[in-house]
Structures are given as structure tokens and as C-alpha cells.
Amino acid sequence: MVSKNDLSDGIESVRSDFPIFKRRINGKRFAYLDSASTSQKPKQVIKAISDYYVNYNSNIHRGIYNIAEKSTSMYISSKEHIAKYINANSYNEIIYTRNTTESINLVALTLGNEYVNKEDHILITDLEHHSNIVPWQLLAKRKSAAVDYIKLDESKEHLDINSIKEQLEKDPKIVAISHASNVLGTVNDVKEITREAHKHGSIVIVDGAQAVSHMSVDVRDINCDFYAFSSHKMFGPSGIGVLYGKEELLENMGPLYGGGDMIHTVTHDTYSWNSLPWKFEAGTPNIEGAIGLNAAIDYIEQIGIQRIAKHNMALTAYLLEHLSKIDDITVYGPKNVDNRRIGVVSFDIKGLHPHDVAQVFDSEGIAIRAGHHCAMPLITESLNRSALSRISFNVYNNYVEIDRALKAIKKAKKLFKVK
Amino acid sequence: MDFYAEELISHYEHPHNKGVISNSDSKFHEYNPTCGDDITIYLKIKNDIIEDVKFDGNGCSISIASASMLTDFVKGKKLSEIEKMDFKTLKELINIDPGPARLKCATLSLKTLKGAVFLYEHKPMDQNTKNM
């Protein structure tokens, strides 16, 4: 097996920013090939969070003293940074939530409740993970509405263009679609789908959970109404996510939670809401999360999202090429490595359960995902499998780890006597 | 590798008691949603003793091998003995510690078996003889 030890553009050096890779697992160097689940964290992010607790831990928006002003300004600059990073108009459009799931639920529970009525349609796709399915199923149930699915094309790699057109004819009230699939790695043409959906009067929400750390995201270029993502998949801490929403929509939506910070005034009998984005952030928020996320975006910008994308695609191309040479392996998702794909590769080894595959990988110190990847309808209904194995990349991965993964596949096949 | 002992692999490749009992006295199905493993257990019961047992389904090596070993083990056992079985019994039986990640794989067959026994004991007698 030919192996390149590092990338020509020197991105390999970023690996040393991630303290976890000093670890050994089962006596082997730790190889993390499960970034689609969550990314590892660079020391810059860990330091930013620790710095908050060590030097200026205080609540935001209230204290008239030095460190409270610092924490408030750090929280706001995090929002400003996010707004700039995804090209929102201002930080008024950036709502902090717990994660992608909560961001989507927020839309379903506020705008969804107001806007969707009996016999209306909500359109999602066959590529969604549970967080972009179940909130809409719940909404549909509350409102006696219907959830429809854009089907995959025959290759089972991309959405079927005819199915998109056909489903939009029902004038869905809401179109919720992932930017990139966490199972197939497929990147959807969310800009085009948004354009078409708007012609039918739909509100469009894009689930960017997988996309944000793999490609540059420009919400105004996409022109979606909402865009949801999590910090933890983009080198930031877990427990904080983002909901971008167009200001005029957010202005007209009621809040989800009531409490401190989301109000302007409260009397015994009345209340009035605070301005955006605070209207949607009741109670003390995840302050260290916002600070860590800010540092994570600094980190991405320091490397450059285009370089990260290029790196991930190079690894994906290398993996796909070598997987195609191994017998009894089915690879799901696009085989072409281009801008319609991210570094997520799901596969199945004939005669081997994905849990056994992952266990053999673990014995080699390699972390991969096995299971339904929180996308049961896609795996069990569209692809007709009960579970899949998945390798996913990010900036800290290298060719050596892929070679080790390929060796682990051979070991698993040998162990279970797959010819 | 220690985890996959030869015996376990052998049970996975050639599982014992795999199949269906068409005139079973009790039948129970369990499913592990995290990995899609599913197992159905069929029991023939006489005088509260397991006369015959078969399992059917799909799963990883740990779930299939443990179902194979478990069904071997419980043949001829009293229902009251099954009720007393727990994870410890199973761990001794399969002779590996599956660890927290694979715990559900290992215990799926035991959970299913206990379900089948429970169903048998909580059903009107006339239904026990029916083909379910």
C-alpha cells in the first residue's frame, strides 16, 4: 500500500494542536475517524474556555464590574463573529441554542406552530438525520399536517430532481433540508432548492450540522430563512448550537422559553419581549460555550476553510479509491470527489456486522462509527440496511490513519473469515 | 485479538438452535434500535421446563453468538431458573466482558428469552398451545 505521510501544503502540522492525539488506545496511536459525530478540540479552544473560568467567570448582561463587562463583551463578540462567518446581516440574527437539534425544534415550536395548519405539507428529504425529521413529525402530529419526503435518485447518492419538483407542487409551508448528509456525505444544492421552494411560498430551514466544518457557508447567498448548526462538530465545545434566522422572521416569531434576559419589562400582569437576539435566549446561557465557539471559528479561519475542505476531499478520494479495490465492500454515497461531497464515507462489508467492524477498528486504536447514524429512515428504508460503518474526516486526519483503517478492514475480514 | 475468542466466532459462524419453532408455546421479539440487531426466540415448554428453544434474527457476532450459547444453556432448564438469570450468568456463559458499548448486543438474547418466558407465564392457558 502506497502511503503518503503528510500533505504537501503542510496542514499536517495542525494535528499537534489537538492534545487528544497524544493518547494511545489499546497500545496504538489514537486515530479518530468519527468527526461526523463530533470533532476533536484544539488547544486554542480548550484554553479559551479555561481562560474564562480562570480569569473572568461572571454572568453576562448584569454585573456592573470589570469581569462581567468582559464576559458580556466576549459573549457578544462570539455572536458577531458567527454572524460574520456565515455572512448574516448582524448578530441580531444569531440565536444560541444547545445544538442543531434544539435550533430546529425552536423553529418547529414557534414559527411552525403559528404557520402550519391542518392538511398543510412539511417537506423534508430522505437524507435527513433524526433531528431534522422528528421535530417535523411532532409538528405534523400537533397540526394534523403531513410530512413528505424528497426521494433519492436511482444512484442513491443525490436527491432526485424530479422528486423535488413534484413535492414542491404541494406548496409545502416548510421545507427542511440538510446541507450535507451525515451518512452519504452528499452535499445538497440548498441554494437552488431554496430558490424553487420560495416560489411556492415555503419557509426554508437548512440543517448545516455536517456542512459547517467542511465548507464555507453563506446564508445570504443560499437565501434560506433559517440555518441550524452545532459548535461541537466545528472544533468548538458541545452544548452550544446556532440558529440563524432572517431578522424579519425572527421579529415576528414568539419566544420559545420565558425567563430572564428574554424580557424587556415584567409586571405582575404583563411582560414585553427583549429585542433580538435575546428574545430567544432565556436564562443564563452557555457562556463558556459561546467563548469556545468563538475560538473555534478563529481556529478555522486561521487555517482557512478552503484548505480544510481540500484536505478532507483529498483524504476522501484516497479512501474511496482504496475501498473500491477491496472485495465484498459496498460504499454508499457519491463516488466522485467534488464540491457535491464532504469527507463522510459509509460502507458495508458483506457478512460482517458494522459493530464487529467498529470493534476490530477499536482494537487497532481507530475510532469509527457503526450503527444507523441517527438516520434510521435513510439506512433502513432508503438503503435497506440495518446499520452501516462510517469513516469521517477532518483537518487532523492523515493518510497513515487511512492505511491503518484499510488494514483493520483486512483484519476484520480475516477474523470473521470473509473470503 | 482477545475480544473475539475462537469459540465466540465459531458460534457466530455456525449458530446453534437457529431457526423457527412453528408450534411454539411462546415467542418473543426484541430489537436493538442502536444497531438494528433483532432476535426472536421460540420456546417449547412442558411442565415449566424448556423442552426446546430456537432463535431467529440478524445481528452482530456478539448478539448472535450469545444467542447461540444461551439457547444451548437453557434447554432443559426450569422457567424459574431463567427468571433468575442475569448479566453475570450471561457473561460467564459467553466468557467475555462485552464492555458498556456492546452490553446491549450481548444481553439482547437474554432479554428476549425473559420476554418469552414472561409472556408464557402471563397468558391464559388456552393460548399457550396456540401457534403464535
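Heads up: the protein sequence lines correspond to chains D and B, in order.
At position 158 of the first sequence the residue is numbered 158 (the numbering used here), and the sequence of numbers has no breaks.
Each position in the second sequence, counted from 1, maps to that position plus 419 in the numbering used here.
We put the CB at the ideal spot given by N, CA and C, even for glycine.
A quick note: this is a predicted structure, and the numbers were derived from the prediction, not measured.
Using a Cβ-Cβ cut-off of 7 Å, D/His130 is close to nothing in chain B; its nearest Cβ partner there is about 11 Å away. Bounds of any beta strand (DSSP E) do not take in D/Lys173, whose DSSP letter is neither H nor E. Under the three-pair Cβ rule at 8 Å, the stretch 527–540 of chain B counts as touching the stretch 426–446 of chain B. Closer than 8 Å to the CB of D/Lys417 there is at least one CB belonging to chain B. Within the stretch 389–413 of chain D, contact with chain B at the beta-carbon level (separation under 9 Å) is assigned to Lys411. Burial state of D/Phe229 is buried, judged by a 10 Å Cβ sphere holding 16 or more other Cβ atoms. Taking CB atoms only, D/Thr380 has a neighbour in chain B less than 8 Å away.
Non-local C-beta neighbours of D/Asn274 in its own chain, meaning closer than 8 Å and more than five positions away in sequence, comprise Asp261, Met262, Ile263 and His264, ordered along the chain.
Nearest Cα to D/Ala211 within the set D/Ile133, D/Ile95 and D/Thr38: D/Thr38. DSSP places D/His198 in the uninterrupted alpha helix (DSSP H) bounded by Val190 to Lys199. Under the Cβ criterion of 8 Å, D/Ser386 is counted among the residues facing chain B. If you compare the alpha carbons of D/Phe280, D/Ala408, D/Val418 and D/Lys414 with that of D/Ala31, the shortest gap goes to D/Ala408. DSSP places B/Asp456 in the strand class (E or B) of the three-state scheme. The C-beta distance from D/Asn132 to D/Asp207 rounds to 4 Å, short enough to meet the 8 Å contact threshold. In terms of Cα proximity to D/Asn92, the closest of D/Ala36, D/Phe280 and D/Glu157 is D/Phe280. Segment contact: the stretch 473–486 of chain B against the stretch 353–368 of chain D, three or more CB-CB distances shorter than 8 Å; contact assigned.
Around the beta carbon of D/Ala358, 16 or more other beta carbons lie within 10 angstroms, which makes this residue buried.
According to the DSSP assignment, B/Lys473 belongs to the beta strand (DSSP E) that extends over Ile468 to Asn477.
For chain B, the residues of the stretch 352–376 of chain D that bring a beta carbon within less than 8 Å of one of its beta carbons are His353, Pro354, His355, Asp356, Gln359, Val360, Ser363, Ala370, Gly371, His372 and Met376, in chain order. If one requires a minimum length of 4 residues, the alpha helix (DSSP H) runs lying completely within the stretch 222–288 of chain D are 247–252, in chain order. At least one CB atom of chain D sits nearer than 8 Å to the CB of B/Tyr423. The beta-bridge partner set that DSSP reports for D/Ile349 consists of D/Ile329. Legend: CB atoms of the stretch 459–480 of chain B lying less than 8 Å from CB atoms of chain D belong to residues Asn477, Gly478, Cys479 and Ser480. Around D/Ala317, the same chain offers Val337 as residues with beta carbons nearer than 8 Å, after the five sequence neighbours per side are excluded.
With a minimum length of 4 residues, the unbroken runs of alpha helix (DSSP H) contained wholly in the stretch 54–114 of chain D fall at 66–85 and 100–107. Chain-ordered listing is empty here: chain D has no CB closer than 7 Å to the CB of B/Ile515, the nearest sitting near 11 Å. Straight-line measurement puts the Cα of B/Lys473 at about 6 Å from the Cα of B/Lys437. A distance below 8 Å between beta-carbons, with the five flanking residues on each side excluded, links D/His198 to the following residues of its chain, in chain order: Val204 and Asn223. Looking at D/Gly259, D/Leu256 and D/Pro277, the one whose alpha-carbon comes closest to that of D/Glu248 is D/Pro277. For the C-beta of B/Glu426, not a single chain D residue is nearer than 7 Å; the gap to the nearest is close to 14 Å. Only buried fits D/Gln40, as 16 or more other CB atoms lie within 10 angstroms of its CB. In this structure, B/Leu527 keeps its C-beta atom at 8 Å or more from the C-beta atom of B/Leu509. Using a Cβ distance threshold of 8 Å, D/Ile308 and D/Ile297 do not count as a contacting pair. D/Arg23 counts as exposed, since fewer than 16 other C-beta atoms from the protein chains shown sit within 10 angstroms of its C-beta.
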